[in-house]
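Below is one structure, written out as structure tokens; comments come after it.
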Amino acid sequence: MSSGYDRVVQPAAGDEALENHLGGDEAKNYRQYEFDMVAPYVGRSMLEIGSGLGHFAEQFLPRLDRLVVSDFDPYCVEQLEKRFAGRDEIGVLQFGLPTDIPLEDKVDTVVLMNVLEHIEDDAEALRSLARVTLPGGRIIIWVPGYMQLYGDFDRKVGHVQRYTPKTLAATVARAGLDVEVLKPINFLGGIAWWAAVRRGGVGYPDPRLVKIYDRTVVPLTRLIERFFRPPFGQTVFCVARVPQS
10 MSSGYDRVVQ
20 PAAGDEALEN
30 HLGGDEAKNY
40 RQYEFDMVAP
50 YVGRSMLEIG
60 SGLGHFAEQF
70 LPRLDRLVVS
80 DFDPYCVEQL
90 EKRFAGRDEI
100 GVLQFGLPTD
110 IPLEDKVDTV
120 VLMNVLEHIE
130 DDAEALRSLA
140 RVTLPGGRII
150 IWVPGYMQLY
160 GDFDRKVGHV
170 QRYTPKTLAA
180 TVARAGLDVE
190 VLKPINFLGG
200 IAWWAAVRRG
210 GVGYPDPRLV
220 KIYDRTVVPL
230 TRLIERFFRP
240 PFGQTVFCVA
250 RVPQS
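Put into structure tokens, the structure is as follows:
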């Protein structure tokens, strides 16, 4: 088993270079959208993969007995250790996937936000996570959707692929996991992404457009997706279960 990502392609992280939860304070609605999608499936103990600076994981603390944050990037790990210093219920780990994760006590929930698309052997990465998840526990996967949206941004941040529900389901099955939830989300965001990044040739989202998108498109998307399941989206969301036996 390797000790890190079999293809490490994401640039070194920093305050202004993190891919996860793009937009920072300019994308509060989107960050809330992420949390509201994930939170119903989180139990009492959680391991987050690719925690970055820890903003996302920190939101779950009121409902958790135990939190483990992790990252492959040394800068992020250093920042996580500073952020959660002196918190006995919070652990910080550094590793890449696939690997044997140095976690003594299993968790009931693992969360991956924009991580799996960076890893060539994605099924083996999920197997690594299943080994540290309690039987019946959940692995929550948030990945960019649809290769039609793949562009310069994806290459720059090291995306090996973008997923469809079908391709993600195949990866989950190869890992020996069961699907509880699997669907495309952020339908309008997918259209906006295609227009700006693919047709418009933008290599990286404009912060000004991110702010407008967050204020207008995200709330409308959430309203629409309350009433119907979109045929595709900017993101594919999956909740996988570790078999009971």
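Numbers 10 to 254, taken from this note's numbering, label the letters of the sequence shown in order.
Glycine is no exception: its CB is placed at the ideal position from the N, C-alpha and C atoms.
These figures come from a predicted structure and were not determined experimentally.
Range of the contiguous beta strand (DSSP E) that encloses residue 250: 244-250
For residue 75, the residue or residues it bridges with in DSSP: 54
Completely contained beta strand (DSSP E) runs for the stretch 146-206, where each covers 3 or more residues: 187-194
Nearest-angstrom Cα separation, counted from residue 197 out to residue 227: 8 Å
At least 3 beta-carbon pairs within less than 8 Å: the stretch 133-140 vs the stretch 154-172: no
Contacting residues, own chain, Cβ-Cβ under 6 Å from residue 132 (five flanking each side not counted): 180, 183, 184
Exposure of residue 162, with buried meaning 16 or more beta-carbon neighbours within 10 Å: buried
Bounding residues of the beta strand (DSSP E) (the contiguous stretch that carries residue 141): Premise fails: residue 141 is in no beta strand (DSSP E) and is neither H nor E.
Outcome for residue 146 when other beta-carbon atoms lying within 10 angstroms are tallied against a minimum of 16: Residue 146 counts as buried, since no fewer than 16 other beta carbons sit within 10 angstroms of its beta carbon.
Residue 127 versus residue 86 - alpha carbon distance: 18 Å
Distance between residue 150 and residue 195 (C-alpha atoms, nearest Å): 15 Å
Contact check, residue 108 vs residue 52, beta carbons under 8 Å: no
Cβ distance (whole Å) where residue 89 is taken to contact residue 80 below 8 Å: 7 Å
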